[in-house]
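Going down the list, the protein sequences come from chains H and G. Going by my numbering, the letters in the first sequence line up with residues -14 to 326, in that order. Going by my numbering, the letters in the second sequence line up with residues -14 to 326, in that order. Note that the Cβ used here is the ideal one computed from N, Cα and C, for glycine as well.
Number of protein chains: 2
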Amino acid sequence: MALGEFELIDRYFRRPVRRSPLGIGDDCALLAPRPGMQLAVSSDMLVEGRHFLSTVAPERLGHKALAVNLSDLAACGAEPLACTLAISMPRVDEPFLAGLACGLHTLAEQHDIELVGGDTTAGPLNLCITVFGEVPTGQALLRHGARPGDDLWVSHAIGGGIGDARLALEVFRGNLVLPGEQFDRVRLAMELPQPRVALGLALRGIASAAIDLSDGLLGDLRHVLRRSGAAFHAGGEAGTSGDGPQALGAWLQDEALPRSPILNHQPAAMQRECLLFGGDDYELLFTAASAQRVAVERAAQGAGVAVARIGQIVQTPGVQLLDAQSRPIALQGQAFDHFKT
Amino acid sequence: MALGEFELIDRYFRRPVRRSPLGIGDDCALLAPRPGMQLAVSSDMLVEGRHFLSTVAPERLGHKALAVNLSDLAACGAEPLACTLAISMPRVDEPFLAGLACGLHTLAEQHDIELVGGDTTAGPLNLCITVFGEVPTGQALLRHGARPGDDLWVSHAIGGGIGDARLALEVFRGNLVLPGEQFDRVRLAMELPQPRVALGLALRGIASAAIDLSDGLLGDLRHVLRRSGAAFHAGGEAGTSGDGPQALGAWLQDEALPRSPILNHQPAAMQRECLLFGGDDYELLFTAASAQRVAVERAAQGAGVAVARIGQIVQTPGVQLLDAQSRPIALQGQAFDHFKT
């Protein structure tokens, strides 16, 4: 007999809660944010064939579904508290569920958060996680705080860089062949991204704006430039529309973009595609006044990650990629947009 | 050219926020629960063909997706604050999105809440809403508070009852024919459920336990009996497992189950199926000490809904349906379980 919805939740997802007043099993979960804290909330939906391949190990899928959400909390400088998971799946596949729950709970424990609720239903495979974090009132890192003259930074693994997830995707797409060991490494970047939560917390009061890299460096940078431009021209307030005509601009130093040795061995066009339009990096792209350079380096060191200073914010709209002699490099391609590609 | 993800969110979903510090457009939304309040959270996923039919009007789908979530807040006695929407859809269908957003925003405005974030992606149609409400610490209505001797109550529309949504489903399934006007009425019950938020708030401090009716009266009652039994035998604490062997029991008075004139004209077997196993009612099933009868009636009156006293909680496990002479009626069938039916 097939496992019922409630037995399934009990067997794979319910764990005793420690931090939250009430976890799985009632109509609602209850959270108790501390006084003086705002609650940061983010929701991401992962669809098979779009956000993950059917070949992914269930443990890695469970990890990634939570990781991409924690990455949003990291980008806001929020401390993770709890999450909910809604899942639709064609049939009850117990090994799949056991693996998924294991990957999710393992990452949750690393960040001292707990699964407090959700939903399970029959349907095409779809995972929707909502995460909750807390941040002292007024201290959240937001997209609209960049100002002309600010440095532009990106986080990355020590010895690694951005763009490896895209490189793995190119292998899956059949556009590229990599030796087994190299493929395993870039596949890790794609399937087991590490949300930069500690860095996000350490950058409170230091970074002027932040976003997590999910759609590719250029596309995500444009969000910061648009919203910061609207706020800059409105005297510091966040624009209600992120699409104001008065975006800020930026230049990027090509050589400063951090890349792994594996990506560094690819042809220049492939490198550029992966670095600028890659997507699925889940690193933090952030800005800070130049007076904060030492503070940024210290924050990264404390968080155990590397950061690269890759460019600067300017008042003139548009993004320029510069070569080692500070000459503009022509750009092509388009940031990933879920409904355009 | 197809509408991109960000334009789509801007056009249909973004509205200025009034209550929340930060709405759609950043990595996270920010909520500011008032001091002394706990945050109640619930997440429901709706899949085409499972939770709604492809024939449903988009406005009604937008209403229902939010309504079933608000119903969870109602069952906890929480005051709605905000929600997020994650949606996956096969293609960008602007009339569909316009209708969906309209239905959702209309209900959101009725409850003075706002859409603060979410996600849109390509994939099989799937809607996942997470709602946030606040409730004074320690005052949430929970499933585990029922005690032997408590009255059992169910809310319903004035002049209506429970089971009409199931009746509509039977028409869609081809098992029943109803005259056009009657079909329109029961279809309203199925497609435009009214979350009993005001009643949930009014029942704080009066009801001993509450749940919203989504899976059918008997199935949802069993959740209350299991969890309340575990808490009763543990001396008042909520059991970590809802499946303890020491559930409480209840009797239900068949005649007291509220039914609309349309359902009342159906054969007895159909009436019982719809009343006991119907699902999709989104009424509140709750318990209260008998000393609270006047208070319950007043709470319902204030909230503009009807309540029916349909039975009583007893210590002996099991549910009995009694006829007008208090003789047990034999029961068959099974509460709806998403993976068993």
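Residue-level contact to chain H via CB, Ser23 of chain G, 8 Å cutoff:
For the purposes of this step, residue 23 of chain G is identified with residue 38 of the second sequence, where counting begins at 1. A quick correction: the sequence has Gln, not Ser, at residue 23 of chain G. Output row for Gln23 of chain G: interface = yes.
Just grab the DSSP bridge partners of Gly303 of chain H for me.
Residue numbering aside, residue 303 of chain H sits at position 318 when the first sequence is read from its first letter. Answer is H:Gly234.
Step through the CB atoms of chain H and report whether any lies within less than 8 Å of the CB of Thr69 of chain G.
Here residue 69 of chain G refers to the residue found at position 84 of the second sequence. Taking Cβ atoms only, chain H reaches closer than 8 Å to Thr69 of chain G, which makes this a yes.
Does chain H have any CB closer than 8 Å to the CB of Met30 of chain G?
What you label residue 30 of chain G is simply residue 45 of the second sequence in a count that begins at 1. At least one chain H Cβ lies under 8 Å of Met30 of chain G.
Which chain G residues sit within Cβ distance under 7 Å of Pro6 of chain H?
For the purposes of this step, residue 6 of chain H is taken as residue 21 along the first sequence, with counting starting at 1. Per Cβ cutoff of 7 Å: Gln23.
Using alpha carbons as the reference points, say which of H:Ala153, H:Asp57 and H:Pro302 lies closest to Gly214 of chain H.
Here residue 214 of chain H refers to the residue found at position 229 when the first sequence is read from its first residue. Ranking H:Ala153, H:Asp57 and H:Pro302 by Cα distance to Gly214 of chain H puts H:Pro302 first.
Beta-carbon spacing of Pro109 of chain G, Ser140 of chain G below 8 Å
As a working note, residue 109 of chain G is residue 124 in the second sequence. As a working note, residue 140 of chain G is residue 155 in the second sequence. Cβ distance not < 8 Å, so Pro109 of chain G and Ser140 of chain G don't count as in contact.
Does the pairing of the region 189 to 197 of chain G with the region 117 to 130 of chain G give three or more beta-carbon distances under 8 Å?
Taking 8 Å as the limit for Cβ pairs, the verdict is that the region 117 to 130 of chain G does touch the region 189 to 197 of chain G.
Tell me whether Leu237 of chain G is buried or exposed, calling it buried when 16 or more other Cβ atoms sit within 10 Å of its Cβ.
For this step, residue 237 of chain G is matched to residue 252 along the second sequence. Under this definition Leu237 of chain G is a buried residue.
Val279 of chain G versus Gly144 of chain G: straight-line alpha-carbon distance, rounded:
By one-based count along the second sequence, residue 279 of chain G stands at place 294. By one-based count along the second sequence, residue 144 of chain G stands at place 159. Taking C-alpha positions only, Val279 of chain G is separated from Gly144 of chain G by approximately 20 Å.
So with CB distances below 7 Å, who are the chain H contacts of Thr115 of chain G?
As a position in the second sequence, residue 115 of chain G is number 130, starting the count at 1. What Thr115 of chain G touches in chain H: Ser28, Thr69 and Thr115.
Complete runs of the alpha helix (DSSP H) confined to the region 244 to 311 of chain H [at least 4 residues]:
246 to 249, 253 to 262 and 278 to 288
So, is Asn160 of chain H buried or exposed, given that buried needs 16 or more other C-beta atoms within 10 angstroms?
Indexing the first sequence from 1 puts residue 160 of chain H at position 175. In summary, Asn160 of chain H is exposed, with fewer than 16 beta-carbon neighbours lying within 10 Å of its beta-carbon over all protein chains present.
Same chain, Cβ closer than 8 Å to Ser39 of chain H, five either side skipped, listed in chain order
Along the first sequence, read from residue 1 onward, the residue named residue 39 of chain H stands at position 54. Only Glu33 meet the Cβ criterion.
For chain H, find out if any of its Cβ atoms is closer than 8 Å to the Cβ of Ser226 of chain G; answer yes or no.
Translated into positions along the second sequence, residue 226 of chain G becomes position 241. Low confidence applies here, because Ser226 of chain G scores a pLDDT of 46, under 50, leaving its location unreliable; read the following figure in that light. Residue-level contact by beta carbon holds for Ser226 of chain G and chain H, with a gap shorter than 8 Å.
With 7 Å as the limit, tell me which residues of the region 186 to 199 of chain H have their beta carbon closer than that to any beta carbon of chain G; keep them in chain order.
Ile196 and Asp197
Euclidean distance between Cα positions of Ala285 of chain H and Ala276 of chain H
One-based indexing of the first sequence puts residue 285 of chain H at position 300. One-based indexing of the first sequence puts residue 276 of chain H at position 291. Each residue's Cα considered, the two are about 16 Å apart.
When you compare only the Cα positions, how much space is there between Gln179 of chain G and Ala274 of chain G?
Taking the first residue of the second sequence as 1, we reach residue 179 of chain G at position 194. Taking the first residue of the second sequence as 1, we reach residue 274 of chain G at position 289. Straight-line Cα distance between these residues: approximately 26 Å.
Should Arg4 of chain H be labelled buried (16 or more other beta-carbon atoms within 10 Å of its own) or exposed?
Reading the first sequence from its first residue, position 19 is the one you call residue 4 of chain H. By the neighbour-count criterion, in which a residue is buried when 16 or more other Cβ atoms sit within 10 angstroms of its Cβ, Arg4 of chain H is exposed.
Distance, Cα to Cα, Asp308 of chain H vs Val26 of chain G?
Mapped onto the first sequence, residue 308 of chain H falls at position 323. Mapped onto the second sequence, residue 26 of chain G falls at position 41. Roughly 50 Å separates the two Cα atoms.
Whose CA, out of H:Leu15, H:Ala183, H:Asn54 and H:Leu112, lies closest to the CA of Leu82 of chain H?
Stepping through the first sequence from its first residue, residue 82 of chain H is reached at position 97. Taking only the C-alpha atoms, the option nearest Leu82 of chain H is H:Leu112.
Buried or exposed for Ala142 of chain H, going by 16 or more other Cβ atoms inside 10 Å?
Here residue 142 of chain H refers to the residue found at position 157 of the first sequence. Buried, since its Cβ has 16 or more Cβ neighbours within 10 Å.
For Val116 of chain H, which of H:Ser56, H:Arg(-1), H:Arg151 and H:Trp138 has the nearest alpha-carbon?
Here residue 116 of chain H corresponds to residue number 131 of the first sequence, with the count starting at 1. Checking every option, the nearest Cα to that of Val116 of chain H belongs to H:Ser56.
Can you give me the start and stop residues for the beta strand (DSSP E) that Gly103 of chain H sits inside?
The residue you call residue 103 of chain H lines up with position 118 of the first sequence. Where Gly103 of chain H is concerned, the enclosing beta strand (DSSP E) stretches over Glu99 to Ala107.
Measure from the C-beta of Pro80 of chain G to each C-beta in chain H and report whether the shortest distance is under 8 Å.
For this step, residue 80 of chain G is matched to residue 95 along the second sequence. The beta carbon of Pro80 of chain G sits no closer than 8 Å to any beta carbon of chain H.
Report the rounded CA-to-CA distance for Pro43 of chain H versus Arg76 of chain H, giving the unit in angstroms.
Here residue 43 of chain H is taken as the residue at index 58 of the first sequence, counted from 1. Here residue 76 of chain H is taken as the residue at index 91 of the first sequence, counted from 1. Those two C-alpha atoms are separated by around 15 Å.
Return the chain-ordered ranges of every beta strand (DSSP E) run that is complete within the region 32 to 120 of chain H and spans a minimum of 3 residues.
64 to 74 and 99 to 107
Test: Thr106 of chain H CB closer than 8 Å to a CB of chain G:
Position 121 of the first sequence, counted from the start, is the residue given in the question as residue 106 of chain H. So yes, Thr106 of chain H belongs to the interface.
For the region 125 to 156 of chain G, enumerate the residues whose C-beta is nearer than 9 Å to any C-beta of chain H, in chain order.
Ala125, Leu126, Leu127, Arg128 and His129
Can you pull the chain H residues whose beta carbon is under 9 Å from the beta carbon of Arg212 of chain G, in chain order?
For this step, residue 212 of chain G is matched to residue 227 along the second sequence. Neighbours of Arg212 of chain G across chain H, judged by C-beta separation under 9 Å: Gly10 and Asp11.
Could you check whether Ala183 of chain H and Ala288 of chain H sit closer than 8 Å to each other, using their CB atoms as the reference points?
As a position in the first sequence, residue 288 of chain H is number 303, starting the count at 1. As a position in the first sequence, residue 183 of chain H is number 198, starting the count at 1. Taking 8 Å as the Cβ cut-off, Ala288 of chain H and Ala183 of chain H qualify as a contacting pair.
Between Leu202 of chain H and Leu248 of chain H, how many whole angstroms is the CB-CB distance? I'm expecting something under 8 Å.
Position 217 of the first sequence, counted from the first residue, corresponds to residue 202 of chain H. Position 263 of the first sequence, counted from the first residue, corresponds to residue 248 of chain H. The beta-carbon separation of Leu202 of chain H and Leu248 of chain H, rounded to 13 Å, does not stay under the 8 Å limit for a contact.
What in chain H is Cβ-close to Arg35 of chain G, meaning under 7 Å?
Your numbering for residue 35 of chain G matches position 50 in the second sequence. Residues of chain H passing the Cβ test: Thr106, Ala107 and Gly108.
Cross-strand partners of Ile314 of chain H (DSSP beta bridge)
By 1-based counting over the first sequence, the position of residue 314 of chain H is 329. Bridge partners of Ile314 of chain H according to DSSP: H:Leu306.
Is the Cβ of Ala93 of chain G closer than 8 Å to any Cβ of chain H?
Counted from its first residue, the second sequence places residue 93 of chain G at position 108. By this cut-off, Ala93 of chain G is not an interface position.
How far does the alpha helix (DSSP H) with His218 of chain G in it extend, from its first residue to its last?
To locate residue 218 of chain G, count along the second sequence from 1; it is residue 233. Per DSSP, His218 of chain G belongs to the alpha helix (DSSP H) from Leu202 to His218.
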